[in-house]
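Note that the protein sequences, when read in sequence, are chains A and B.
The opening position of the first sequence corresponds to residue 1 in the working numbering, with each subsequent residue numbered one higher.
The opening position of the second sequence corresponds to residue 347 in the working numbering, with each subsequent residue numbered one higher.
Even glycine gets a Cβ: it sits at the ideal position worked out from N, Cα and C.
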Amino acid sequence: METAFIVEKFVLITIVFVLTLVIAMYSTLAERKVAGFMQDRKGPDRAGPFGILQPLADGGKFFFKEEIIPAGAHKALFIAGPTLAIITACISSAVIPWGQELTLGGRTISLQVADVNVGILYIFGVVALGVYGIMLGGWASNNKFSLMGAIRAASQSISYEIAMGLSIISLIMVTQSLSLGEIVAQQTGFIHWNIWVQPLGFLVFMTCAFAECNRVPFDLPECETELVGGYHTEYSSMKLGLYMFSEYINMFVSSAVMSALYFGGYNFPFMHDLGLSPNWITSLGVLAFFLKIFAFIFFFMWIRWTLPRFRYDQLMNLGWKILIPLAIANIVLTGIITIISDVYFK
Amino acid sequence: MLEQKPMNFWERIYLPAILKGMKVTIRHFFKKKATVSYPEVARPYSKNYRGMHSLKRDEAGRERCTACGLCALSCPAEAITMIAAERKKGEEHLYREEKYAAVYEINMLRCIFCGLCEEACPKEAIYLDGPHVPADYLRKDFIYGKDKLLEEKFDFKLVDQLEQ
Numbered sequence: 001m002e003t004a005f006i007v008e009k010f011v012l013i014t015i016v017f018v019l020t021l022v023i024a025m026y027s028t029l030a031e032r033k034v035a036g037f038m039q040d041r042k043g044p045d046r047a048g049p050f051g052i053l054q055p056l057a058d059g060g061k062f063f064f065k066e067e068i069i070p071a072g073a074h075k076a077l078f079i080a081g082p083t084l085a086i087i088t089a090c091i092s093s094a095v096i097p098w099g100q101e102l103t104l105g106g107r108t109i110s111l112q113v114a115d116v117n118v119g120i121l122y123i124f125g126v127v128a129l130g131v132y133g134i135m136l137g138g139w140a141s142n143n144k145f146s147l148m149g150a151i152r153a154a155s156q157s158i159s160y161e162i163a164m165g166l167s168i169i170s171l172i173m174v175t176q177s178l179s180l181g182e183i184v185a186q187q188t189g190f191i192h193w194n195i196w197v198q199p200l201g202f203l204v205f206m207t208c209a210f211a212e213c214n215r216v217p218f219d220l221p222e223c224e225t226e227l228v229g230g231y232h233t234e235y236s237s238m239k240l241g242l243y244m245f246s247e248y249i250n251m252f253v254s255s256a257v258m259s260a261l262y263f264g265g266y267n268f269p270f271m272h273d274l275g276l277s278p279n280w281i282t283s284l285g286v287l288a289f290f291l292k293i294f295a296f297i298f299f300f301m302w303i304r305w306t307l308p309r310f311r312y313d314q315l316m317n318l319g320w321k322i323l324i325p326l327a328i329a330n331i332v333l334t335g336i337i338t339i340i341s342d343v344y345f346k
Numbered sequence: 347m348l349e350q351k352p353m354n355f356w357e358r359i360y361l362p363a364i365l366k367g368m369k370v371t372i373r374h375f376f377k378k379k380a381t382v383s384y385p386e387v388a389r390p391y392s393k394n395y396r397g398m399h400s401l402k403r404d405e406a407g408r409e410r411c412t413a414c415g416l417c418a419l420s421c422p423a424e425a426i427t428m429i430a431a432e433r434k435k436g437e438e439h440l441y442r443e444e445k446y447a448a449v450y451e452i453n454m455l456r457c458i459f460c461g462l463c464e465e466a467c468p469k470e471a472i473y474l475d476g477p478h479v480p481a482d483y484l485r486k487d488f489i490y491g492k493d494k495l496l497e498e499k500f501d502f503k504l505v506d507q508l509e510q
């Protein structure tokens with residue numbers, strides 16, 4: 001552990017952190033733009049050219065709003081709620097491999113903050129923690145609508161985590177590794193992407209990711225038609241801002257995880273046929289990875305402005321009666337195909 | 347009664363329906379937007395739009411209004427008030443008729459822009475040919491007097507100069 005290593009990691013962490021926040025910031029603008037465009041409107045275009053200063057204006061507004069803590073609220077937990085939400089949202093980006101190695105002045109720098117050999121489990125654990133932020137906030141508000149939202153959030157993410165985990169198991173059966181770095185490294189080029197071998201698993205995983213992010217059509221925790229504002233009914237000013245923000249960070253991170261697990265992460269077609277130097281391949285890879293992430297974020301928004309919200313029983317039916325059996329069937333199918341290909345095609 | 351058929355397999359897995367919906371939304375994404383960016387781009391008024399009133403002048407630049415009060419009488423909202431005055435000697439270049447409106451006020455909060463005043467006017471002195479009435483903060487600022495209603499004097503000399 002020399003100092004250069006620490007400095008290098010520190011810089012990387014800072015860059016990832018800043019990027020995450022900036023992307024989450026601009027996701028709020030993108031969301032409103034996409035919403036506008038899909039409804040034949042222009043979306044916000046007053047703050048700066050094409051509205052690019054809108055997130056700053058929104059943030060500034062959040063800071064200057066009056067901060068209200070309800071009289072009956074549990075004060076410490078009320079503050080802990082959004083804090084936990086944003087922390088868990090931010091730390092899940094630690095194990096994502098943003099690119100291959102970069103060689104700078106004789107040093108090889110890995111563009112992954114921490115290559116934990118159980119990276120998938122880490123992400124899974126952090127995502128499971130994320131629900132605490134919502135639950136604490138909902139419970140500490142001392143408001144029945146908030147509590148209802150929190151209960152929904154808890155039951156929803158527990159239900160969908162099962163299907164998510166099962167869909168990942170079949171992926172791991174294919175990749176034979178729990179390390180995100182290695183899973184991405186296996187998917188070189190275009191034909192080795194995991195989406196070609198795990199289409200059903202991807203479908204289940206993506207549906208669960210939507211549910212874990214509390215995005216439409218699974219945004220029952222903040223269902224404004226029946227629960228006022230759901231778990232953040234009582235929140236105001238920047239605490240509400242943090243909840244909103246953590247939602248967008250979650251969206252960004254799950255887009256990153258989806259493109260890393262199933263769409264090859266930083267791998268792009270013909271990456272080794274172009275005859276480029278390793279550093280160029282790495283940079284283009286990072287670019288490709290972010291393009292994939294942005295495509296997924298757009299997809300999230302596209303779905304949001306297309307589909308209506310599920311009813312609560314429909315949500316539970318989908319999770320327990322459809323996605324979990326589907327994920328188990330996918331495991332069995334993957335196992336059978338693996339054995340057949342091992343026995344006959346080797 | 348509407349007969350409800352049980353959903354077939356493709357309907358039950360929802361995905362084709364979701365894709366169909368996504369096709370609709372993405373088509374709207376690339377469509378021409380209906381928004382008019384208002385302060386920069388104003389939507390044109392229709393030809394027969396009835397907006398703010400203007401008191402007209404004749405070709406010599408004299409006020410046409412003779413303060414007969416027919417507009418105020420015809421006004422269903424009772425938005426028009428006026429005080430008539432007699433034209434003095436030497437004011438012939440200002441007022442067309444012997445009687446004129448010394449004060450002519452329209453309360454824009456009462457006005458319903460029906461256009462009956464312009465129909466009633468025998469002197470073709472009032473027309474609702476302006477833009478819409480802008481917003482303001484105080485009620486008193488919505489009572490438009492002659493300073494706001496009267497048409498600008500048509501400058502024939504300037505036109506002559508420009509033509510030469």
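Would you report the Cα separation of residue i and residue j, rounded to the nearest angstrom?
| i | j | result |
| --- | --- | --- |
| isoleucine 162 (chain A) | lysine 65 (chain A) | 39 Å |
| histidine 374 (chain B) | methionine 38 (chain A) | 5 Å |
| leucine 240 (chain A) | aspartate 475 (chain B) | 49 Å |
| glutamine 186 (chain A) | leucine 21 (chain A) | 29 Å |
| phenylalanine 369 (chain A) | glutamine 198 (chain A) | The structure shown does not extend to residue 369 (chain A), since chain A is modelled only from 1 to 346, so the question has no answer here. |
| serine 157 (chain A) | threonine 207 (chain A) | 12 Å |
| alanine 73 (chain A) | glycine 81 (chain A) | 12 Å |
| aspartate 45 (chain A) | isoleucine 52 (chain A) | 8 Å |
| leucine 77 (chain A) | isoleucine 340 (chain A) | 54 Å |
| leucine 440 (chain B) | glycine 407 (chain B) | 7 Å |
| leucine 495 (chain B) | valine 449 (chain B) | 11 Å |
| isoleucine 120 (chain A) | valine 131 (chain A) | 18 Å |
| tryptophan 302 (chain A) | methionine 258 (chain A) | 16 Å |
| glutamine 54 (chain A) | tyrosine 446 (chain B) | 55 Å |
| methionine 238 (chain A) | asparagine 117 (chain A) | 36 Å |
| arginine 41 (chain A) | cysteine 460 (chain B) | 32 Å |
| phenylalanine 289 (chain A) | proline 390 (chain B) | 47 Å |
| isoleucine 96 (chain A) | phenylalanine 10 (chain A) | 16 Å |
| alanine 481 (chain B) | serine 155 (chain A) | 51 Å |
| threonine 338 (chain A) | glycine 201 (chain A) | 15 Å |
| phenylalanine 62 (chain A) | asparagine 317 (chain A) | 38 Å |
| alanine 418 (chain B) | isoleucine 69 (chain A) | 58 Å |
| glycine 43 (chain A) | alanine 30 (chain A) | 9 Å |
| threonine 427 (chain B) | aspartate 487 (chain B) | 15 Å |
| serine 283 (chain A) | methionine 271 (chain A) | 11 Å |
| threonine 334 (chain A) | valine 113 (chain A) | 31 Å |
| tryptophan 98 (chain A) | tryptophan 320 (chain A) | 34 Å |
At a Cβ threshold of 7 Å, is residue i touching chain A?
| i | result |
| --- | --- |
| methionine 368 (chain B) | yes |
| isoleucine 375 (chain B) | In the sequence under discussion, the amino acid at residue 375 (chain B) is phenylalanine, which differs from the isoleucine named in the question. Yes, contact with chain A. |
| threonine 371 (chain B) | yes |
Against chain B, with Cβ distances strictly below 7 Å, would residue i count as a contact?
| i | result |
| --- | --- |
| aspartate 40 (chain A) | yes |
| tryptophan 305 (chain A) | yes |
| phenylalanine 37 (chain A) | yes |
With 16 as the cutoff for other CB atoms within 10 Å, does residue i come out buried or exposed?
| i | result |
| --- | --- |
| aspartate 348 (chain A) | Given that chain A is displayed from residue 1 to residue 346, the structure contains no residue 348 (chain A) and the question cannot be resolved. |
| glutamate 470 (chain B) | exposed |
| lysine 366 (chain B) | exposed |
| glutamate 349 (chain B) | exposed |
| arginine 410 (chain B) | buried |
| proline 221 (chain A) | buried |
| arginine 107 (chain A) | exposed |
| leucine 361 (chain B) | exposed |
| threonine 3 (chain A) | exposed |
| alanine 425 (chain B) | buried |
| lysine 529 (chain B) | Nothing can be reported for residue 529 (chain B), as the shown portion of chain B is limited to 347 through 510. |
- Message: Could you tell me which whole alpha helix (DSSP H) segments of length 4 or greater appear in the segment 52-123 of chain A?
- Response: Secondary structure remark: continuous alpha helix (DSSP H) runs of at least 4 residues inside the segment 52-123 of chain A, in chain order: 54-64, 75-91.
- Query: Along the segment 377-390 of chain B, what residues have a CB closer than 9 Å to any CB found in chain A?
  - Reply: Only Lys377, Lys378, Lys379, Ala380, Thr381, Ser383 from the segment 377-390 of chain B bring a Cβ to less than 9 Å from some Cβ of chain A.
- Task: For the segment 278-311 of chain A, enumerate the residues whose C-beta is nearer than 8 Å to any C-beta of chain B, in chain order.
- Result: Residues Trp302, Ile303, Trp305, Thr306, Leu307.
- Query: Mind pulling the alpha helix (DSSP H) runs of 4 or more residues that sit fully within the segment 231-296 of chain A?
  - Reply: Within the segment 231-296 of chain A, complete alpha helix (DSSP H) segments of at least 4 residues are found at 237-261, given in chain order.
- Message: For the segment 347-364 of chain B, list every residue whose C-beta sits within 7 Å of some C-beta in chain A, in sequence order.
- Response: Residues Ile364.
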